[in-house]
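Have a look at the structure below, then the notes.
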Amino acid sequence: MTSINFVDVDRLQRDLEAIVGPRRMSMRAVDLDTYSRDMWPRLLIAYREGAIDVPRPHAVVWPEHVREVVSVVKLARELGIPIVPYGGGSGVCGGAVPIQGGITIDTKRMQQLRSVHSDELICDVEAGINGERFERDLERRGYTFGNFPSSIYCSTVGGWLATRAAGQLSTKYGKVEDRVAGLTVVTGRGEVIETDGPNRALRGPNWTQLLLGSEGTLGLITSARLRVSPAPQLRVFRGFEVDDVATGLTAIRRVLQKGLRPAVVRLYDEMDTLMNSFGHKEEDEAHEVRGPVPPVSTGALPAWPAGEPPK
Ligand SMILES: Cc1cc2nc3c(=O)[nH]c(=O)nc-3n(C[C@H](O)[C@H](O)[C@H](O)COP(=O)(O)OP(=O)(O)OC[C@H]3O[C@@H](n4cnc5c(N)ncnc54)[C@H](O)[C@@H]3O)c2cc1C
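With the working numbering applied, the sequence shown covers 223 to 533.
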């Protein structure tokens, strides 16, 4: 691990306050502690056992505009200290842990769903929006992004993009990287790049795909143009009992190879089946989804016909 420059904390505080104001930056111990970790299990266990020192950031900021992010990044560059983008902090790989201190940039105050273009089926959304709120905002307008990670309630769209998150309905909608038209990113030099903008490189690497999954190491994503789908008008759920896991796998393979695309297919082994059978009420076979009617009617989720999975 390389060490960073000596940090003049008085200057850091003064300059950050000049950029975002005193209420949207903090150097208080309670905030620095909060931003010292994500949900990486090994790290959490080590903290609990007191096995390692907690690496805290020098400061935390909550910008609301791209120009504020640019100024903070330029300040960090001038001081020779790292920046750490931070969304919901639900990452499980330690990517948001400030191992060398520096400035943690929490994106959660950049949280607007700016627009949904019904012709292109593309929305423009800020990176710090909470995943569940994003889906609800889209659903109110008759759309879905279709990415439902188990952590949807505690993660951000920017975090999904930075980690290439995959959701429960990815069989139908794809993983997050399949749904991105373009990103707005602030680089480590403080430049603003739009990967789908007029100046995008016509040759050379695909910057969108390069930045996806880069865990904040190549830049901070401030907003994204994402592909949306009409929200489903009907959700149909089916459960089938099979003799063993191998038979279940064969059935699923046949379904997908026939070109059928259920929104999700899950296979439970014997133990999971037993555990899931506790405390569940019988559900209706199909649920009509209430809410705004989507502008086009192709959103119904395909499902296996009642009875048996296709052979
Ligand atoms: C209970 C639980 C269930 C989970 N289920 C799933 C699941 O079903 N599928 C799945 O894929 N993952 C899952 N995860 C992992 C985690 O939720 C995902 O990786 C999620 O995408 C992280 O989003 P976040 O906003 O919390 O990001 P954070 O944890 O804040 O950050 C994750 C990484 O992305 C970087 N980053 C965050 N925001 C930005 C940004 N705007 N620009 C650039 N870099 C950024 C951070 O620096 C860090 O490296 C789960 C985690 C938990 C705790």
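Cβ atoms here follow ideal geometry from the backbone N, Cα and C, with glycine treated the same way.
Kindly indicate the opening and closing residues of the beta strand (DSSP E) around P307.
305-308
Counting only the same chain and skipping the five closest in sequence on each side, list residues whose C-beta sits under 6 Å from that of Q333.
Result list for Q333: E348, G350, I351, in chain order.
With DSSP as the reference, label E399 as helix, strand or coil.
helix
G536 Cβ short of 7 Å to ligand 1 heavy atom set:
The question about residue 536 has no answer here: the residues shown for the chain are numbered 223 through 533.
Please state whether DSSP places E354 in a helix, a strand or coil.
helix
Would you mind working out which of V414, S372, T444 sits nearest R384, comparing C-alpha positions?
According to the sequence shown, residue 384 is Ala rather than Arg. The option with the nearest alpha carbon to A384 is T444.
Would a C-beta distance cut-off of 8 Å place L482 and C345 closer than the cut-off?
no
Does the beta carbon of P454 fall short of 7 Å from some heavy atom of ligand 1?
no
Taking only three categories from DSSP, how would you classify D346?
strand
Skipping 5 residues on each side, what residues in its chain have a beta carbon closer than 7 Å to that of R236?
Its chain contains no residue whose beta carbon lies nearer than 7 Å to that of R236 once the 5 sequence neighbours on both sides are disregarded.
Out of I305, M247, V276, state which residue places its alpha-carbon closest to the alpha-carbon of G412.
I305
If I follow the unbroken beta strand (DSSP E) through E416, where does it start and stop?
414-416
Would you check whether ligand 1 has a heavy atom nearer than 7 Å to the C-beta of V347?
Proximity of the beta carbon of V347 to ligand 1 is not indicated: no heavy atom of the ligand is located closer than 7 Å.
With respect to 7 Å, is the separation between the Cβ of G324 and the closest non-hydrogen atom of ligand 1 below this value?
no
Quick one: Cα of W382 to Cα of V467, how far?
31 Å
Confirm the yes/no value for this check: CB of I443, any heavy atom of ligand 1, distance under 7 Å.
yes
Excluding sequence positions up to five away, which residues of its chain have a Cβ less than 8 Å from the Cβ of T393?
L478, R483, P484, A485, V486, V487
Can you give the beta carbon distance from A446 to V379, rounded, assuming they're within the 8 Å contact cut?
7 Å
Measure the C-alpha to C-alpha separation of G461 and G389 and round it to an integer number of angstroms.
20 Å
Contacts around G470, its chain only, beta-carbon distance under 7 Å, and the 5 residues preceding and following it disregarded:
V464, L489
If you count every other CB in all the chains shown that lies within 10 Å of the CB of G441, and 16 or more means buried, which is it?
It counts as buried.
Is any heavy atom of ligand 1 found at a distance shorter than 7 Å from the C-beta of V306?
yes
Which residue's Cα is closest to the Cα of G310: Y257, K397, N369?
Y257
Pick helix, strand or coil for V464, following the three-state DSSP scheme.
coil
Any idea which residues DSSP pairs A281 with across the strands?
I325
Taking the alpha carbon of T409 as the point to measure from, which residue in E492, E342, V295 has its own alpha carbon closest?
Considering only alpha carbons, the answer is V295.
What does DSSP give as the partner residue(s) for R270 in the beta ladder?
R270 is not bridged to any residue.
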